[in-house]
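Structure first, then comments.
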Amino acid sequence: MNTTLTPADLDPRRQAMLLYFQGYRVARIAEMLGEKVATVHSWKKRDKWGDYGPLDQMQLTTAARYCQLIMKEQKEGKDFKEIDLLARQSERHARIGKFNDGGNEADLNPKVANRNKGPRRQPEKNVFTDEQIEKLEEVFHASMFDYQRHWFEAGKTNRIRNLLKSRQIGATFYFAREALIDALLTGRNQIFLSASKAQAHVFKQYIIDFAKEVEVELKGDPMVLPNGAALYFLGTNARTAQSYHGNLYLDEYFWIPKFQELRKVASGMAIHKKWRQTYFSTPSSLTHSAYPFWSGALFNRGRSKADKVDIDLSHSNLAPGLLCADGQYRQIVTVEDAVRGGCNLFDLDQLRMEYSPDEYQNLLMCEFVDDLASVFPLSELQACMVDSWEVWTDFHALALRPFGWREVWIGYDPAKGTQNGDSAGCVVVAPPAVPGGKFRILERHQWRGWTSAPRLTPLKN
Numbered sequence: 012m013n014t015t016l017t018p019a020d021l022d023p024r025r026q027a028m029l030l031y032f033q034g035y036r037v038a039r040i041a042e043m044l045g046e047k048v049a050t051v052h053s054w055k056k057r058d059k060w061g062d063y064g065p066l067d068q069m070q071l072t073t074a075a076r077y078c079q080l081i082m083k084e085q086k087e088g089k090d091f092k093e094i095d096l097l098a099r100q101s102e103r104h105a106r107i108g109k110f111n112d113g114g115n116e117a118d119l120n121p122k123v124a125n126r127n128k129g130p131r132r133q134p135e136k137n138v139f140t141d142e143q144i145e146k147l148e149e150v151f152h153a154s155m156f157d158y159q160r161h162w163f164e165a166g167k168t169n170r171i172r173n174l175l176k177s178r179q180i181g182a183t184f185y186f187a188r189e190a191l192i193d194a195l196l197t198g199r200n201q202i203f204l205s206a207s208k209a210q211a212h213v214f215k216q217y218i219i220d221f222a223k224e225v226e227v228e229l230k231g232d233p234m235v236l237p238n239g240a241a242l243y244f245l246g247t248n249a250r251t252a253q254s255y256h257g258n259l260y261l262d263e264y265f266w267i268p269k270f271q272e273l274r275k276v277a278s279g280m281a282i283h284k285k286w287r288q289t290y291f292s293t294p295s296s297l298t299h300s301a302y303p304f305w306s307g308a309l310f311n312r313g314r315s316k317a318d319k320v321d322i323d324l325s326h327s328n329l330a331p332g333l334l335c336a337d338g339q340y341r342q343i344v345t346v347e348d349a350v351r352g353g354c355n356l357f358d359l360d361q362l363r364m365e366y367s368p369d370e371y372q373n374l375l376m377c378e379f380v381d382d383l384a385s386v387f388p389l390s391e392l393q394a395c396m397v398d399s400w401e402v403w404t405d406f407h408a409l410a411l412r413p414f415g416w417r418e419v420w421i422g423y424d425p426a427k428g429t430q431n432g433d434s435a436g437c438v439v440v441a442p443p444a445v446p447g448g449k450f451r452i453l454e455r456h457q458w459r460g461w462t463s464a465p466r467l468t469p470l471k472n
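The sequence shown runs 12 to 472 under the working numbering.
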């Protein structure tokens, strides 16, 4: 019996302890070793066998067996396997001991300590599953008004879309969604140019909000998708972005100074036949540099009489959408067209009350202003315009204090006349830092329907 438990040549006192660790009673141990029960009880008390914890018992037992096998002269294959096993168990016992002395999980599992070693693979950003893309397509098509569906169909077959539109009919909203869907499905880049960097970021926010509908958080500027498509958001400084290429969206182009100069650069980004160009805007002035592009006069420049085109720009001709002789798909969408196309966001009778007839025709019915007789022609006013997000390094529009702690002036002009008359106006002006410097308008506001007694809350804010 004793040869199967512990070697007979082992010190009886040590052998008795190892038998005790195996769970034998003192009387049985004394019988097995041929010792008196009182002697074994004395060993147990003096050597404090009962104070050894499980880890101590494992370490002592393993060490005894390990030493026996190491000192064996003629080892067999099974001996080497057991030696390796005992060595690994001893290492494990040491880790447990370190953990018990205030260590951490890495002491028990070495793989934990190696998790953060070496280069870590960065998680992919802006990832969409096939199911999420299908859901976006479903939401995109379900949210279209009829006139937006015309824009979608026109984009399938026409390289250039040129749209004259009313304010607030969802053009920027629609084209932001269209661009994201196209980028996900085709891998084509999308480039957004606007009259200002701030307006370009309206595109960006619409796209971010659209992605959130399928619980994807888009990040980056540009936004880069896993399929390689990049979405660029630019102001009118497109001269610095000539290396970009992709589908071009040019927003509110009738309000961009020196439009023709910008268009030469911008259209070059979409010069390959696989890219498409989309221009859309509310109308401004007949004297604006973009008007020849809309009217076809720009196409006719330098061409022989036989090659020139004559485009009917009337609402009746372009309201359904038309591919014109200069290769551009044109459409006019007034606010009344939008209502007929399913847009239920407007109260036309209320709008006719809120705007003067001239304002209503210009802002909502897509009629251009003839400012030749104006005191301040639009072309002269546009020469004073600047993209504050791009040019003014000391002005941060999204900050809590956009101009820091520097001095500003606030000017307020109360409304005059009836509800349909003049509106109240307010500007925040940065005075020049040096005599003879430029005055800069940091903010401007218009409030229709105010009386001569101003409401002070917005001014205080």
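Where a beta carbon is used, it is the ideal one built from N, C-alpha and C, also for glycine.
Closest residue to residue i among the options (Cα-Cα distance)
i, options, result
"ALA426", "ILE192, LEU374, ALA410 and TRP458", "TRP458"
"ASP424", "ALA408, ARG455 and LEU80", "ARG455"
"GLU228", "LYS136, ASP67 and ARG106", "LYS136"
"THR293", "ARG57, LYS269 and GLU378", "GLU378"
"VAL167", "LYS269, GLY279 and ARG287", "It should be pointed out that residue 167 corresponds to Lys in this sequence rather than to Val. It is ARG287."
"VAL37", "ASP193, PHE203, GLY231 and LYS55", "LYS55"
"TYR290", "GLU263, HIS283, THR298 and VAL350", "GLU263"
"THR404", "VAL380, GLY436 and ARG451", "ARG451"
"TYR260", "ASN311, VAL213 and LYS86", "VAL213"
"GLY422", "GLY436, LYS284 and PRO413", "GLY436"
Coarse secondary structure for residue i, derived from DSSP in three states
i, result
"LEU21", "coil"
"CYS395", "coil"
"SER292", "strand"
"ASP381", "coil"
"ASN173", "strand"
"PHE203", "strand"
"TRP420", "strand"
"ASN258", "strand"
"TRP266", "helix"
"ILE81", "helix"
"ILE94", "helix"
"LEU333", "strand"
"ILE219", "helix"
"THR15", "Because the pLDDT of THR15 is 39, which lies under 50, any placement of that residue in the model is unreliable, and the number read from its coordinates should be weighed accordingly. If DSSP states are grouped into helix, strand and coil, THR15 belongs with the helices."
"GLN457", "strand"
The ligand GDP heavy atom lying under 7 Å from the CB of residue i
i, result
"ILE107", "With respect to small molecules bound, the structure shown includes none, and the ligand GDP cannot be examined in it."
Cβ-Cβ separation, residue j to residue i (assumed contact under 8 Å), whole Å
i, j, result
"LEU453", "VAL445", "Not quite, the Cβ-Cβ distance comes to about 18 Å (not below 8 Å), so this is no contact."
"VAL225", "LEU273", "Not a contact, Cβ separation roughly 35 Å."
"TRP162", "ARG172", "7 Å"
Exposed unless 16 or more other CB atoms sit within 10 angstroms - verdict on residue i
i, result
"SER207", "buried"
"PHE139", "buried"
"LYS176", "buried"
"ALA268", "At residue 268 the sequence reads Pro, which differs from the Ala that was named. With 16 or more other Cβ atoms within 10 Å, it is buried."
"ASN111", "exposed"
"ASN258", "buried"
"CYS395", "exposed"
"TRP416", "exposed"
"VAL344", "buried"
"ASP398", "buried"
"GLN26", "buried"
"MET500", "Nothing about residue 500 can be read from this structure; the chain reaches only from 12 to 472."
Beta-carbon proximity list for residue i, same chain, < 7 Å, skipping 5 on both sides
i, result
"VAL419", "VAL439, VAL440, ALA441 and LEU453"
"LEU236", "ASN137, ALA194 and LEU195"
"GLY332", "HIS161, ALA165, TYR340 and GLN342"
Beta-carbon proximity list for residue i, same chain, < 6 Å, skipping 5 on both sides
i, result
"TYR255", "ILE202, TYR243 and MET280"
"TYR77", "LEU97"
"ASN238", "GLY198"
"ALA222", "LEU229"
"ILE218", "ALA187 and LEU191"
"GLN372", "GLU378"
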